[in-house]
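Written below as structure tokens is the structure these notes are about.
Number of protein chains: 2
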Amino acid sequence: MPGARKRTAALDQVLELVVLLGEDMGRALERDGLTKSRAPLVWELQQHGPRTQKALSDALGTTPRNVTGLVDGLVATGFVTRGPHPSDRRATLVSLTDHGAEVMARMAEAYDDFATQLFGGMTARELDGFVAGLGSVLDVLRQHLGDSGE
Amino acid sequence: MPGARKRTAALDQVLELVVLLGEDMGRALERDGLTKSRAPLVWELQQHGPRTQKALSDALGTTPRNVTGLVDGLVATGFVTRGPHPSDRRATLVSLTDHGAEVMARMAEAYDDFATQLFGGMTARELDGFVAGLGSVLDVLRQHLGDSGE
DNA sequence: TATTGTTATACTCTATAACTATA
DNA sequence: TATAGTTATAGAGTATAACAATA
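Chains as they are written, first to last, in our numbering: chain A, 1479 to 1628; chain R, 1479 to 1628.
This is the structure:
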């Protein structure tokens, strides 16, 4: 079965992509004063507006205790603020500051530029083929994750 | 420029791949008693045989102090042992235990199986196209990382 | 009773700096 | 002097458990 070596070589490449992308994103976030753990929280706020910490903990798939720490850090660095919930006095609403919103807007632009850099050299046909392959890999991966655990 | 949206959608997919693959690998490692940080160290030992901590710190791109901690954890969980260096009494040689070697051998098999699961559904032609696309993305990414920093 | 977010505690990973034993 | 690996210290991120305030 001569395809077997090709497949492991492909997986090697995918893993290299994961590593390099992690480095690149890490650097970009650091430049903006964010970390890999805090960025998803801020992203969630940009996408859905002010959220309670409970909602954030559900969205990020982490514990409420952890969200407390992440929000603490983001408050200290000026990305978000804590405010009262209008109808539930137990809850706190986490909102983006102006600075946080600015950084996220810049990041969204950089994201588009980055996508163009990565894929701009491909023809439309090549890009379609690549995306289709990626889609089928993702399907298998989702199924694989569903099989074990959850 | 109608391709722009396709490109960001492709980057979205790549990032989802990164997340899902991270989850999957994390689970697999946990099943074997390893962590994401310790696995590369054990992998390095399997590839190149016993190494000094200095060599490991260079290979992993981390500090000597950090390697001390990682090796401590791997000794405690039975994956590696510390031994004297034959010619340099300052250095310690880190080696795989039988258990560590067994786990790594099993992991290498699982890696091949996983690659077959991920890419087995593609035709040879589709796989070639996907790998070529991945290669060009990696090239751009490497250049992007070289530009800023280092 | 149940939920929200906190404090208390602990563990992993990472880093810098000072130090010991060797080279 | 320089190198290998340690202790000391610090900070981020993650988790569980107990608890206070509120629902």
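For each residue, glycine too, the CB sits at the ideal point set by N, CA and C.
Residue i (DSSP reduced to helix, strand or coil)
i                      : result
residue 1627 (chain A) : Note that residue 1627 (chain A) scores a pLDDT of 49, beneath 50, so its modelled location is shaky; the value from the coordinates is reported in the next line. Coil.
residue 1529 (chain R) : strand
residue 1611 (chain R) : helix
residue 1598 (chain R) : coil
residue 1567 (chain A) : coil
residue 1514 (chain A) : coil
residue 1551 (chain R) : helix
residue 1539 (chain R) : coil
is_contact[residue i, chain R] using C-beta, thresh 9 Å
i                      : result
residue 1502 (chain A) : yes
residue 1520 (chain A) : no
residue 1614 (chain A) : yes
residue 1505 (chain A) : yes
residue 1557 (chain A) : no
residue 1598 (chain A) : yes
residue 1619 (chain A) : yes
residue 1534 (chain A) : no
residue 1604 (chain A) : yes
residue 1569 (chain A) : no
residue 1512 (chain A) : no
residue 1588 (chain A) : no
residue 1525 (chain A) : no
residue 1517 (chain A) : no
residue 1537 (chain A) : no
Classification of residue i by the beta-carbon crowding that lies within 10 angstroms, buried from 16 upward
i                      : result
residue 1578 (chain A) : buried
residue 1497 (chain A) : exposed
residue 1482 (chain R) : exposed
residue 1535 (chain A) : buried
residue 1602 (chain A) : exposed
residue 1621 (chain R) : exposed
residue 1619 (chain A) : buried
residue 1628 (chain R) : Annotation note: pLDDT 45 at residue 1628 (chain R) (below 50); position unreliable, coordinate value reported separately. Classification of residue 1628 (chain R): exposed, given that the 10 Å Cβ count is below 16.
residue 1531 (chain R) : buried
residue 1568 (chain R) : exposed
residue 1554 (chain A) : exposed
residue 1570 (chain A) : buried
residue 1493 (chain R) : exposed
residue 1516 (chain A) : buried
Identified DSSP bridge partners for residue i
i                      : result
residue 1573 (chain A) : A:1559
CB contact check: residue i to chain A, cutoff 9 Å
i                      : result
residue 1622 (chain R) : yes
residue 1611 (chain R) : yes
residue 1484 (chain R) : yes
residue 1607 (chain R) : yes
residue 1494 (chain R) : yes
residue 1592 (chain R) : yes
residue 1499 (chain R) : yes
residue 1579 (chain R) : no
residue 1561 (chain R) : no
residue 1531 (chain R) : no
residue 1554 (chain R) : no
Can we say the region 1483–1501 of chain A touches the region 1609–1624 of chain R, given the rule of at least three CB pairs closer than 8 Å?
yes
**Message:** Three Cβ pairs or more, each shorter than 8 Å: is that satisfied between the region 1508–1527 of chain R and the region 1573–1588 of chain R?
**Reply:** yes
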